[in-house]
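Peer 1: Below are the structure tokens for one structure; questions will follow.
Number of protein chains: 6
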Amino acid sequence: MSRDPLGPPIVAVRAAVARALEEDLTPLGDITSALVPADVEAEAAFVARQAGVLAGTDCATETYAQLDASVDVAWDARDGDEVGAEQVLGRVRGPLPSVLTGERTALNFLCHLSGVASATRRFVVAAGDGARIWDTRKTTPGLRVLEKAAVRAGGGVNHRGNLSDWVLLKDNHLARMTIADAVARARAQWPARTVHVECDTIAQVDEALAAGADAILLDNMTLDEVRDCVARRGDGRVLLEVSGGITLDTVGAYARTGADCISTSVITQSAVALDIGLDVGVSS
Amino acid sequence: MSRDPLGPPIVAVRAAVARALEEDLTPLGDITSALVPADVEAEAAFVARQAGVLAGTDCATETYAQLDASVDVAWDARDGDEVGAEQVLGRVRGPLPSVLTGERTALNFLCHLSGVASATRRFVVAAGDGARIWDTRKTTPGLRVLEKAAVRAGGGVNHRGNLSDWVLLKDNHLARMTIADAVARARAQWPARTVHVECDTIAQVDEALAAGADAILLDNMTLDEVRDCVARRGDGRVLLEVSGGITLDTVGAYARTGADCISTSVITQSAVALDIGLDVGVSS
Amino acid sequence: MSRDPLGPPIVAVRAAVARALEEDLTPLGDITSALVPADVEAEAAFVARQAGVLAGTDCATETYAQLDASVDVAWDARDGDEVGAEQVLGRVRGPLPSVLTGERTALNFLCHLSGVASATRRFVVAAGDGARIWDTRKTTPGLRVLEKAAVRAGGGVNHRGNLSDWVLLKDNHLARMTIADAVARARAQWPARTVHVECDTIAQVDEALAAGADAILLDNMTLDEVRDCVARRGDGRVLLEVSGGITLDTVGAYARTGADCISTSVITQSAVALDIGLDVGVSS
Amino acid sequence: MSRDPLGPPIVAVRAAVARALEEDLTPLGDITSALVPADVEAEAAFVARQAGVLAGTDCATETYAQLDASVDVAWDARDGDEVGAEQVLGRVRGPLPSVLTGERTALNFLCHLSGVASATRRFVVAAGDGARIWDTRKTTPGLRVLEKAAVRAGGGVNHRGNLSDWVLLKDNHLARMTIADAVARARAQWPARTVHVECDTIAQVDEALAAGADAILLDNMTLDEVRDCVARRGDGRVLLEVSGGITLDTVGAYARTGADCISTSVITQSAVALDIGLDVGVSS
Amino acid sequence: MSRDPLGPPIVAVRAAVARALEEDLTPLGDITSALVPADVEAEAAFVARQAGVLAGTDCATETYAQLDASVDVAWDARDGDEVGAEQVLGRVRGPLPSVLTGERTALNFLCHLSGVASATRRFVVAAGDGARIWDTRKTTPGLRVLEKAAVRAGGGVNHRGNLSDWVLLKDNHLARMTIADAVARARAQWPARTVHVECDTIAQVDEALAAGADAILLDNMTLDEVRDCVARRGDGRVLLEVSGGITLDTVGAYARTGADCISTSVITQSAVALDIGLDVGVSS
Amino acid sequence: MSRDPLGPPIVAVRAAVARALEEDLTPLGDITSALVPADVEAEAAFVARQAGVLAGTDCATETYAQLDASVDVAWDARDGDEVGAEQVLGRVRGPLPSVLTGERTALNFLCHLSGVASATRRFVVAAGDGARIWDTRKTTPGLRVLEKAAVRAGGGVNHRGNLSDWVLLKDNHLARMTIADAVARARAQWPARTVHVECDTIAQVDEALAAGADAILLDNMTLDEVRDCVARRGDGRVLLEVSGGITLDTVGAYARTGADCISTSVITQSAVALDIGLDVGVSS
């Protein structure tokens, strides 16, 4: 199975897994597995305990690769797949102590990232075809690369990756500049780069449209206000983002307004882990 | 204000913040704040948008220390404090671009870790005086040190820090050994170290008691079963842990059984971020 | 002097300097300066040996900060300033051995990055007001963050920071897709993000314009071809980039075609170091 | 093909490549290649666009090894080979997205390091048999290990690797000591280690000869002065280094003076990248 | 041969070896082996020059794995084995330059860690069956993980891995608390975790027993005092540790007192390296 | 007190201390000191428990700097000083928990490095004025930079820092080359760099002298053989090193042979830690 080009960069996976293993094994290693006979072979299965969307398989594979090269990991499902309760997701085969030592690290990645993918998918489904679900920079420190990949696995799309990506003018940036001035300054300093403006009022939206912004964040607006903004955009290519307290209950209605993207931090910052376990069997 | 000895080790804070800043600023830096005049001074306040328990202040302080030594951060509340909606938690003063560049990194730590502390506190309150709330190893990869400190801020206590900490014999470890053999082997290999046994049945609990375990994990037992185990313990000093699907609704009843600790992964793995914002003002 | 928001992120400076010092001092330290009396105080000056544009001052400051906190560094010029031969750029004061130990590391940053800034400025001046000078991803491995900041110091602007920044479709990406398909796929997967298309022919430019690209790279075109593309753009907002073998001799003519940006790898990949020295005096 | 013992230490290659990939892929990965079908296989060739000397092949190989283990890299030429325009240097085979993702990182190493090797070779050829070309510590921060290996590939030889390598007494070190005192002190503190003295005048050269230096740097001397120093050396084994503004035009004459080594920072600090490209073909 | 579950965590081995190789090879690599023909194959043997206990084989294997994948390393003995003078411990086969480059790094690990294992074994043998030999936190900075594994190879057991492992109350901690208060506070804050109390007097031992400590460190007590403490323990499960200036001459007598563990820093902090060499042969 | 230029590079100190603290504090921090009231101030003294030579003060200072900026460390003695039993070496003042948390890490550096310095000094004194004591590459992996500095503090001098430093031809390098060929090859490849030849026989010494080596290692020779070699050297400047099983008993006689340097691995690889403690007092 070739690498998924939308998956996380393997160099980021490698670094994150190395940190997680060091965190779980320093300074004495797995002192419980050290009591288990090393020549017992185990066959284990990653099994979903509830339905959801899988993500993080690269991290689980890498966990065992870093721990013990004699452990084999093979997958029956891949990132982005909808999986059901009791479904076998993948298999781990190798010396029992190594299989047990890697279990929690592999699962911590799988459960957390599948939680992000699953939350994303719920918003994507609720939004329907009307608008895309966008993530934010409200991610877990140190895990952004992996969480953004999990959002993609869930069917969402990635907003700015970080502060270096594109210009997003918020009210605090505009304390000493008009929107028009700020957009012009952004165009001059960062040619060809997206210029995005956060707006709280219709008046600001008009300013941002006039200034030629590439994208406008409609912050905490009602459905009617959003529809009004969609109308004001007319044929223009500016992307309209809706943000601010959107829930699974309201995302469908906002998605039908004609706005392009609905962003939410819930899918990264407050995703509930997907319950996945490792069922371990020992060959007799 | 001297450092809180129960707070996270500062060396771990330093490393986590460096990673988070690199993640948010590579390769071009904060391209939006670069458009803002550098000589504008800002005064900003971390403000809770909802009630909860604060954690992560060391990380927020360190974020600005690493970004710009001319930024001052001072706190009105500290880790472990219960804070109310709209309460000012701390203040940031310095050049506007630096204040804005650090905002999201500082908040990602504060919101996530305060989310962990707040979830912990809810379980602690629901449990009352009957039992302590224990965390697990189901933490976010790379953030365990900080999340375990946040659990302490929330009033919970820390279970094993990692696989190196103490012996915890689960069913998979016992595939080829009796509980008695395994405990004896653990005592021999790791003197003075906690030996903890996971039990699914009353019969196993009796075995573990007979084997002289220091702690017993009662996995997925009913209230009656737990009470039975408490009775079987008698005057023994063995610690009884209750685990498996405990919720805010059930934790109180379990806490009143006489068990010592109730462990839950919900407080780390599935904690919802506490909503905290940074209100920025610009001196005129 | 507050930090320049267009300067390099300080976290990147810190890491690059730590690596450079380790590289120059492992394993025995500066064995020559160890022969010099430690109680001699030195006053030294960074002096330009030729005219150019200064960059890298943060790195030089950080070099001494990491080596010896008792060394003071103060600047008479700052990144982006045009400096003349024999001009004093900054001053270093401290114990003679420390001043000498840091000299080459500080100068390696200053000379290399000022070389990048100076080469950039020459292109900027030659281009005049007609078009902006754009850098590329053809940077020195490990130093991109600093070189991109040096380009800004030279008056140039930054193209993509890296592969994660925006979509740039080259012929190899288009092996199995039409431009129209690829642009549509890019819009769907990466909303609000710049979609840039490399074109070798006028026919491709027409395709890219029709597909709604945000920017078009005109690769190796003659002046007449570029002018033709400018005309075809009409009132559209698409950015036109000229690239391919542009030199100081030809950049002016291309800049007057009406294209927006002229990109060149010469300013990073082949910049000649600016000659800067450290004149050291010893207080009697 | 066994590893070239004069090549760069593989541990340094590994670290430099990891940093370069992180720099190019954080935080979202290669967002353009992610649009390309993952199951298309590519065959690509590194091709010289101009004549020069190859270096950096280990880095290019390592780039793909870190990115995707299923990519094969094979070389038709090796570090140190003179290559002609349009010559195929090596071949890359693997999934199209992976081949494209690694392209620029691999080329940045190859072009920069081959530029260093090529500049070195030009000086070596111009010097003829008379003297060796020596590099300096004026290298790109963080890349010294690789640049010094590229100098060797070019046929040059390595001066001090860093400040820890040998004693090099410059005027600033001699502010409070005579040459004789300093050499004696160096011999006492660092037995068996090279003691090298920088001299601006014939009088200093005589002092250094009398003091028993191992090597003397003749700084900014005319051809006649250098010849005079060669004569003064007589049968002595002291190595004579010529330094200061040597160019391709003057290096031959200096090499014929009888001096041993001619050092120049031009070959590292101001080397122009060798133009190498990756021609990518897609199997039909 | 499957990995020894009591061996050092491989992730710690990997990091320690990478640091050691960087330390030995920066910046120019192995400049002597670079003079040797690369196509000569060597067969080499790790040979004990004196009798002792082997440890560190993982580190030696990893050294060559990081240096040159074409080098094979195979072992005739494994960690924990008693080896005799002139015994062949393992074999290395590969290109001569690579074999020589890795020699000292591999041996530095083997000799140091085997020295720790051998010193441990001497104490273990001298103690006989009476008590276990316990290590301490007095380890070489940065090598604790490996040294603790070497102690296990020697037949010793591991005391606290670090400050995070368990509570050990020393006189300085008790400056403001009674033993009873401190133990109670420890139980409350760190449930199920070992609480260990250092005692200088019999009176303190009685306090610690009454407070319900899990383990008591009897510091600098005479044999009679230790026997007295053993008697006072009675049937209790508290572990008694003897510490303070125990030597090979006295360890047997202390071991026969009935105490459980005897700790000594000599085995880590002052272990003499075991003399192991690499005999290299070159195929004709 | 200005930094000692012969001390360890501070950048190496910083990295080693960071690793040591992480090793001692992950994942939960100092769980015992966390029980101590944070507002108690401590005054503590580093006190020698036996006579020896001090080293490692920079590491102890850095330990507290990284742990808690409010802790003050001041020294009454410095690296290289001979200290007596019960002598106060330095003082630590700050919050009691922080003082205790740093104690073992600071002492591990001090005791180990002072052990190296003390062992070195014993050899230096035993050798008298006849010859210098030289260290080797037989150092503790990861600590070479610090151990080499401790050797200097002890009055010894540093042999090669690592494989990159100078050429040292041993029998295995000479398997396919004569000494004359190898020295010539070394001179050609590494001009001005020390060429050192290991010799087991007088015949080899003659070869090495004829080949013009800079230094000759006389391996495992008798006193008479060494004297013979000294005679054969005559007026030549070649440095003669004596090596192989030299002890405190024999070093004086070897030193009086006229050889220049006597190298021993005992001072690094098998140094016994100097006993230093931290006496902690709590202000009433």
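Protein chains in written order, with our numbering: chain A, 840 to 1123; chain B, 840 to 1123; chain C, 840 to 1123; chain D, 840 to 1123; chain E, 840 to 1123; chain F, 840 to 1123.
Just so it is clear, CB atoms sit at the ideal spot from N, CA and C, and this is done for glycine as well.
Taking the Cβ atom as the reference point for each residue, do V938(C) and V1105(C) lie within a distance shorter than 8 Å?
Peer 2: Translated into positions along the third sequence, residue 938(C) becomes position 99. Translated into positions along the third sequence, residue 1105(C) becomes position 266. No; because the gap between Cβ atoms is not below 8 Å, this pair is not in contact.
Peer 1: Determine, using beta carbons only, whether L952(D) and G895(D) come nearer to each other than 8 Å.
Peer 2: For the purposes of this step, residue 952(D) is taken as residue 113 along the fourth sequence, with counting starting at 1. For the purposes of this step, residue 895(D) is taken as residue 56 along the fourth sequence, with counting starting at 1. Yes, these two residues count as a Cβ contact at 8 Å.
Peer 1: What are the start and end residues of the alpha helix (DSSP H) that includes S1102(D)?
Peer 2: As a position in the fourth sequence, residue 1102(D) is number 263, starting the count at 1. Element bounds for S1102(D): not the alpha helix (DSSP H) but the beta strand (DSSP E), C1100 to S1102.
Peer 1: Residues of the region 871-901 of chain D in Cβ contact with chain A at a cutoff of 9 Å, in chain order, please.
Peer 2: Within the region 871-901 of chain D, the residues whose Cβ lies closer than 9 Å to some Cβ of chain A are S872, A873, L874, V875, P876, A877 and D878, listed in chain order.
Peer 1: Taking 8 Å as the cut-off, decide whether the C-beta atoms of A945(C) and A899(C) are in contact.
Peer 2: Along the third sequence, read from residue 1 onward, the residue named residue 945(C) stands at position 106. Along the third sequence, read from residue 1 onward, the residue named residue 899(C) stands at position 60. Contact flag set, yes.
Peer 1: What would DSSP say about L985(A), mapped onto helix, strand or coil?
Peer 2: Counting from 1 along the first sequence, the entry for residue 985(A) is found at position 146. Three-state result, L985(A): helix.
Peer 1: So if DSSP puts V927(E) in a beta bridge, which residue, or which two residues, is it bridged to?
Peer 2: Taking the fifth sequence and counting its residues from 1, the one referred to as residue 927(E) is at position 88. Beta-bridge pairing links V927(E) to V886(E).
Peer 1: Show which residues of chain B have a CB atom less than 8 Å away from the CB atom of C1068(E).
Peer 2: Residue numbering aside, residue 1068(E) sits at position 229 when the fifth sequence is read from its first letter. None at all; the shortest Cβ gap to chain B is about 16 Å.
Peer 1: Looking at chain F, which residues of the region 969-1003 of chain B have a Cβ within less than 7 Å of any of its Cβ atoms?
Peer 2: Cβ contacts with chain F come from R983, V984, K987, N997, G1000 and N1001.
Peer 1: Can you give me, in chain order, the residues of the region 850-862 of chain A that have a beta carbon less than 9 Å from any beta carbon in chain F?
Peer 2: Listed by position, the residues of the region 850-862 of chain A near chain F (Cβ gap below 9 Å) are E861 and E862.
Peer 1: List the endpoints of the continuous beta strand (DSSP E) containing G941(D).
Peer 2: Residue 941(D) sits at position 102 when you count from the first residue of the fourth sequence. Careful: G941(D) lies outside any beta strand (DSSP E), inside the alpha helix (DSSP H) at L935 to A966.
Peer 1: Considering only residues of the same chain and omitting the five flanking positions on each side of I1041(B), which have a CB-CB separation below 8 Å?
Peer 2: Your numbering for residue 1041(B) matches position 202 in the second sequence. So the list reads E1064, D1067, C1068 and R1071, once near-sequence residues are dropped.
Peer 1: Cα separation between A916(C) and P847(C)?
Peer 2: Taking the first residue of the third sequence as position 1, residue 916(C) is located at position 77. Taking the first residue of the third sequence as position 1, residue 847(C) is located at position 8. The alpha-carbon atoms of A916(C) and P847(C) are separated by roughly 17 Å.
Peer 1: State yes or no: is the C-beta of G1000(E) within less than 8 Å of the C-beta of S1102(B)?
Peer 2: Residue 1000(E) sits at position 161 when you count from the first residue of the fifth sequence. Residue 1102(B) sits at position 263 when you count from the first residue of the second sequence. No, Cβ-Cβ distance for G1000(E) and S1102(B) is not below 8 Å.
Peer 1: Give me the chain B residues within the contact set of T1096(F), using Cβ-Cβ distance strictly less than 8 Å, ordered along the chain.
Peer 2: The sequence position of residue 1096(F) within the sixth sequence is 257, counting from 1. Those do not exist, as T1096(F) stays about 50 Å from chain B at its closest Cβ, beyond 8 Å.
Peer 1: Count the C-beta pairs between the region 1081-1094 of chain E and the region 1052-1060 of chain E that are closer than 8 Å, then say yes if the count reaches three, no if not.
Peer 2: Output reads yes: the region 1052-1060 of chain E touches the region 1081-1094 of chain E.
Peer 1: Where do the N-terminal and C-terminal ends of the alpha helix (DSSP H) with D1039(F) fall, by residue?
Peer 2: On the sixth sequence, position 200 is the one that residue 1039(F) refers to. Element bounds for D1039(F): n/a, residue is neither H nor E.
Peer 1: Considering only their Cβ atoms, is the gap separating L982(C) from A855(C) smaller than 8 Å?
Peer 2: In the third sequence, the residue the question calls residue 855(C) occupies position 16. In the third sequence, the residue the question calls residue 982(C) occupies position 143. Cβ distance < 8 Å, so A855(C) and L982(C) count as in contact.
Peer 1: Whole angstroms are fine: how far does the CA of V886(D) sit from the CA of T927(D)?
Peer 2: The count along the fourth sequence starts at 1 and reaches residue 927(D) at position 88. The count along the fourth sequence starts at 1 and reaches residue 886(D) at position 47. According to the sequence displayed, residue 927(D) carries Val and not Thr. Each residue's alpha carbon lies about 5 Å from the other.
Peer 1: Which chain D residues are close to R1026(A), counting only those with a beta carbon under 7 Å from its beta carbon?
Peer 2: Within the first sequence, the letter at position 187 stands for residue 1026(A). Going along chain D, no residue has its Cβ under 7 Å from R1026(A), so there is no contact; the nearest lies around 22 Å.
Peer 1: Count the C-beta pairs between the region 971-986 of chain B and the region 977-995 of chain A that are closer than 8 Å, then say yes if the count reaches three, no if not.
Peer 2: Result yes; three or more Cβ-Cβ pairs closer than 8 Å.
Peer 1: Report the start-end ranges of each alpha helix (DSSP H) in the region 845-908 of chain B that is 4 residues or longer and not cut off at the edges.
Peer 2: Taking only runs of at least 4 residues, the alpha helix (DSSP H) segments lying wholly in the region 845-908 of chain B are 849-864 and 896-906.
Peer 1: Which word fits A1049(D), buried or exposed, when buried means at least 16 other C-beta atoms lie within 10 angstroms of its C-beta?
Peer 2: Within the fourth sequence, the letter at position 210 stands for residue 1049(D). A1049(D) is exposed by the Cβ-count criterion.
Peer 1: Identify the contact partners of T865(A) in chain F, using a Cβ-Cβ distance below 9 Å as the criterion.
Peer 2: Position 26 of the first sequence, counted from the first residue, corresponds to residue 865(A). Here the neighbours are E861, E862, T865 and P866.
Peer 1: Where do the N-terminal and C-terminal ends of the beta strand (DSSP E) with A1031(E) fall, by residue?
Peer 2: Mapped onto the fifth sequence, residue 1031(E) falls at position 192. No beta strand (DSSP E) contains A1031(E), which DSSP labels as neither H nor E.
Peer 1: Let me know if Q1108(B) comes out buried or exposed under the rule of 16 or more other beta-carbons within 10 Å of its beta-carbon.
Peer 2: Translated into the one-based positions of the second sequence, residue 1108(B) becomes position 269. Buried, since its Cβ has 16 or more Cβ neighbours within 10 Å.
Peer 1: So for A1110(B), helix, strand or coil by DSSP?
Peer 2: As a first step, residue 1110(B) is located in the second sequence; it is residue number 271 there, counting from the start. The answer is coil: DSSP assigns A1110(B) none of H, G, I, E or B.
Peer 1: What in chain B is Cβ-close to L950(A), meaning under 8 Å?
Peer 2: Working through the first sequence from its first residue, we reach residue 950(A) at position 111. A quick correction: the sequence has Cys, not Leu, at residue 950(A). Going along chain B in sequence order, the residues near C950(A) (Cβ under 8 Å) are K977 and Q1108.
Peer 1: Does S937(E) come within less than 8 Å of chain D when only Cβ atoms are used?
Peer 2: The sequence position of residue 937(E) within the fifth sequence is 98, counting from 1. Yes, contact with chain D.
Peer 1: In the DSSP assignment, what residue or residues form a beta bridge with E1046(B)?
Peer 2: Counting from one through the second sequence, the residue named residue 1046(B) turns up at place 207. Beta-bridge pairing links E1046(B) to no other residue.
Peer 1: Using the DSSP secondary-structure output, state which residues sit across from A1054(A) in a beta bridge.
Peer 2: Here residue 1054(A) refers to the residue found at position 215 of the first sequence. DSSP output for A1054(A) lists H1035(A) and L1078(A) as bridge partner(s).
Peer 1: Determine, using beta carbons only, whether L906(A) comes closer than 8 Å to chain E.
Peer 2: Counting from 1 along the first sequence, the entry for residue 906(A) is found at position 67. Cβ-Cβ to chain E under 8 Å: yes for L906(A).
Peer 1: Are there three or more Cβ pairs, one per stretch, closer than 8 Å when the region 864-873 of chain F is compared with the region 916-925 of chain F?
Peer 2: The region 864-873 of chain F, when compared against the region 916-925 of chain F, does not touch it at the 8 Å Cβ threshold.
Peer 1: Beta-carbon of A1014(C) versus every beta-carbon of chain D: anything under 8 Å?
Peer 2: Residue mapping note: residue 1014(C) aligns to position 175 of the third sequence, counting from 1. So yes, A1014(C) belongs to the interface.
Peer 1: Can you name the residues of chain F whose CB is closer than 7 Å to the CB of G1053(D)?
Peer 2: The residue given as residue 1053(D) occupies position 214 in the fourth sequence. For the sequence presented, residue 1053(D) should be read as Asp rather than Gly. Near D1053(D) (Cβ distances below 7 Å), the residues of chain F are A1031.
Peer 1: What residues from chain C crowd round D918(F), counting only those whose CB sits closer than 8 Å?
Peer 2: Locating residue 918(F) in the sixth sequence gives position 79, counting from the first residue. Simply none; closest approach about 13 Å.
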